[in-house]
Amino acid sequence: MGARLLLIAALLLAGCSSAPKTADPPRVKAALEAESDGARRYARGDYAVAARRFDEAARICASIDDAPGVGRNRLHLARAELAQGRAEAALAVLAAAAGDGEGPSPGILLTIAQAQLALGRDVAAQQSLAAASAGCGSACPQLPGLRLLQARAALAAQRAPEALAHAEAALKLLQDMDEAAETGNAWRIIAAARLAAGDTAGALPAAGAALDIDRRLALPEKIARDWLLIGDIRRRAAPGDALRQDSAAAAYRRALDVANAAGLAAIATTATQALADTGGAAEAAR
Amino acid sequence: MPLLTEHDGDAAALRRGSRRFLVFAALVTLVLLAAIVVRQGLFRQTTSYSFVADSAQDIAKGQAVRIAGFRVGAVAEVRLKDDGQVEVSMEIDADQMRFVTHDARVELRKEGLVGSPTLEIVPGPDKTRLAAAQARLQFSRADGLTALANQVRDEFVPILKDIKAITGVLADPQQGVPATLARIRESSEALKILLANGNRQADAIGAGAVRVLGKAEVDLGHLGQTLESANKRLPGMLDRTQQMLDHVEKIAAEAELSVPPALRDGSAVTSDVREIVSGAKQAWPIRSLIEAPAPATLKADSDLHGEAGRGR
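Protein sequence lines correspond, in order, to chains A and B. Using our numbering, read the first sequence as starting at -3 and increasing by one per residue. Using our numbering, read the second sequence as starting at 94 and increasing by one per residue.
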């Protein structure tokens, strides 16, 4: 009984002591809490629950006519959908976000381009990137992301020198920023662009740098794809050299191991196919 | 004259002695100077590298630079740049350059958690290319006690907030722990009465048990006969069991369709619970203890699945 009274008294005292503070209205607080919880879950890789929380936050913001809050949470929601591989759903959300206010922001346009690239709509992606580029000045915080997406679009259109230029510019912009994932992406694109241009000697250290960063960030999908890329580079470096072919096979095996352990069926299939091809090539080289 | 000649001889001997002593002293001084210069490493060949850090905390001029735990150089200069960042120059023995790859990075580590800080050059995975002289290396800080403390704090603060909200609900006299305790007390009294009734009935059963044992002997005889008839009917029963299993299979197939809506109901319940917790958080005085978070920002990642490296 005494402990209960003491607890109630402590709660009352704590409440009274903070009474002068001006608290946010409950619905604003609820929206911010849902958004913050979504961001926490997104950072942990729990994308499905993060998407639900962002959707909830967007609905609360809409109910109190908080347009910036709605736009922000729709963009978060689209990114959570993209992370789950649901690019179509992300585009639907972004279409709603782009319709709000006075034209889409560079952040929305970049995410639209990212979803379009994921769906293989390269021409539409280039148009979105051109629109984003027009709205993003030299001090725009999304400039590294814009450069990387331009590099991806150029790579998809088989314009390796242009992709390399964009990726190297992005890497320079990222040099003093705390954006490890984007730095890893830049190195991966540089490696792919150099490989496409036939510069295998330059591509290998770049792929190694990407792998190093992705390992530090513990991203299985990217690690597996980095190993696939390293395998491709080693294979292309000396097609007639049996030793090189063996080292390429070792890289593909690493990709397969990582993909199997992480349950990435599509990458595992690609790695198995590449291993089979390399086995044939190695035999031919001998 | 002989006296003067004798004095000249002494003076000449004294001059010779003084000259020899001065020459010897100069030679010793030169040897000592040479030893000091060699010891200080002024004739040693060194190479300069640099890195950029956010802060000069735990970095000082003259601080040791190591590779694999061996001292290979020292910090030559720590300079504050115009943009507020700190540029650190290091002098490394030229002999040790072969360990500094182009992708090497400099790590500020502590010996143990609270030991003195040292700079360690960690070579990168690509051993084929070495860093050029004057190259700028990547820099990172190993997590210290402060970072660990911040990490623990970040983990604990949300838990403490939830505990505050939960204790508020628990202390509710209508639905919290006090009400539950009152209900438990009522239940225990009812149980006591039930046990007393049970004891009385058990006494009555004791007398009845003797009669039952007598009957059981007779019944065992009947059981023998029953088992015989059961042996005859067993194949038929097995057939019926097979039919029942088929039914169970059908029910399981139907459950596949009906269970997902039930799971959705579970999700609705979870949502309700979240609403209750949110409500508790918004109730005075708990709401004044919990601050609203700031709008969130997500880390940029323009290639979420690493698809750029290899064709889609």
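Just so you know, even glycine gets a beta-carbon here, dropped at the ideal spot from N, CA and C.
query: Comparing alpha-carbon positions, which option in A:130, A:109, A:33 and A:140 lies nearest residue 152 of chain A?; result: A:109
query: Which same chain residues, not among the five before or five after residue 174 of chain A, have their C-beta less than 6 Å away from its C-beta?; result: none
query: For residue 168 of chain B, list the residues DSSP reports as bridge partners.; result: B:183
query: Would you list, in sequence order, the uninterrupted alpha helix (DSSP H) runs of no fewer than 4 residues that lie entirely inside the segment 161 to 231 of chain A?; result: 176 to 192 and 196 to 213
query: Run through chain B and tell me which residues come within less than 8 Å of residue 38 of chain A, C-beta to C-beta.; result: 391
query: Which residues in the same chain have their Cβ closer than 6 Å to the Cβ of residue 174 of chain B, if we skip the five residues on either side of it in sequence?; result: 180
query: Starting from residue 127 of chain A, find everything on chain B with Cβ-Cβ shorter than 9 Å and list it in chain order.; result: None at all; the shortest Cβ gap to chain B is about 16 Å.
query: Using a C-beta cutoff of 9 Å, does residue 250 of chain B count as contacting chain A?; result: no
query: Does any CB atom of chain B fall closer than 9 Å to the CB of residue 195 of chain A?; result: no
query: Just how far apart, CA to CA, sit residue 140 of chain B and residue 191 of chain B?; result: 11 Å
query: Tell me the residue span of the beta strand (DSSP E) that contains residue 157 of chain B.; result: 157 to 160
query: When the Cα of residue 143 of chain A is compared with those of A:169, A:123, A:29 and A:215, which residue comes out closest?; result: A:169
query: On the three-state DSSP scale, how would you describe residue 204 of chain B?; result: coil
query: Note down, in chain order, each residue of its chain lying with its Cβ closer than 8 Å to the Cβ of residue 102 of chain A, except the 5 sequence neighbours on either side.; result: 128, 131, 132, 136, 138 and 142
query: Any idea what DSSP makes of residue 214 of chain B, helix, strand or coil?; result: strand
query: My assumption, with CB atoms under 8 Å, is that residue 395 of chain B sits in contact with residue 178 of chain A. Please give the rounded CB distance.; result: 6 Å
query: Which residues in the same chain as residue 234 of chain B place their Cβ atom closer than 7 Å to its Cβ, once the five residues preceding and following it in sequence are excluded?; result: 201
query: In the DSSP output, which residue or residues are listed as bridge partners for residue 199 of chain B?; result: B:214 and B:232
query: List the endpoints of the continuous beta strand (DSSP E) containing residue 146 of chain B.; result: 139 to 146
query: May I ask you to report which of helix, strand or coil DSSP gives residue 194 of chain B?; result: strand
query: Should residue 196 of chain B be labelled buried (16 or more other beta-carbon atoms within 10 Å of its own) or exposed?; result: buried
query: In the DSSP output, what is residue 173 of chain B paired with across the bridge?; result: B:179
query: Are residue 168 of chain B and residue 182 of chain B closer than 9 Å when you measure CB to CB?; result: yes
query: If the cut is a Cβ gap below 7 Å, which residues of chain A does residue 253 of chain B touch?; result: The premise fails here: residue 253 of chain B is roughly 13 Å from chain A at the closest Cβ pair, so nothing lies under 7 Å.
query: Check the Cβ-Cβ distances between residue 100 of chain A and every residue of chain B, and say whether any is below 9 Å.; result: no
query: Between residue 231 of chain A and residue 274 of chain A, how many whole angstroms is the CB-CB distance? I'm expecting something under 8 Å.; result: 6 Å
query: Could you say if the segment 219 to 229 of chain A and the segment 247 to 264 of chain A meet the contact criterion of at least three C-beta pairs nearer than 8 Å?; result: yes
query: Measure from the C-beta of residue 217 of chain B to each C-beta in chain A and report whether the shortest distance is under 9 Å.; result: yes
query: Could you list the residues in the segment 139 to 166 of chain B with a C-beta less than 8 Å from some C-beta on chain A, going in chain order?; result: 145
query: Closest to residue 38 of chain A by CA distance: which of B:289, B:391 and B:322 is it?; result: B:391
query: Would you say residue 32 of chain A lies against chain B (beta-carbon separation less than 9 Å)?; result: yes
query: Report the rounded CA-to-CA distance for residue 255 of chain B versus residue 181 of chain A, giving the unit in angstroms.; result: 38 Å
query: How far does the alpha helix (DSSP H) with residue 107 of chain A in it extend, from its first residue to its last?; result: 102 to 114
query: Residues of chain A with CB under 9 Å from residue 222 of chain B, in chain order?; result: 201
query: Alpha carbon to alpha carbon, what distance is there between residue 154 of chain B and residue 129 of chain B?; result: 21 Å
query: Just mark residue 322 of chain B as buried or exposed, buried being the case when its beta carbon has 16 or more other beta carbons within 10 Å.; result: exposed
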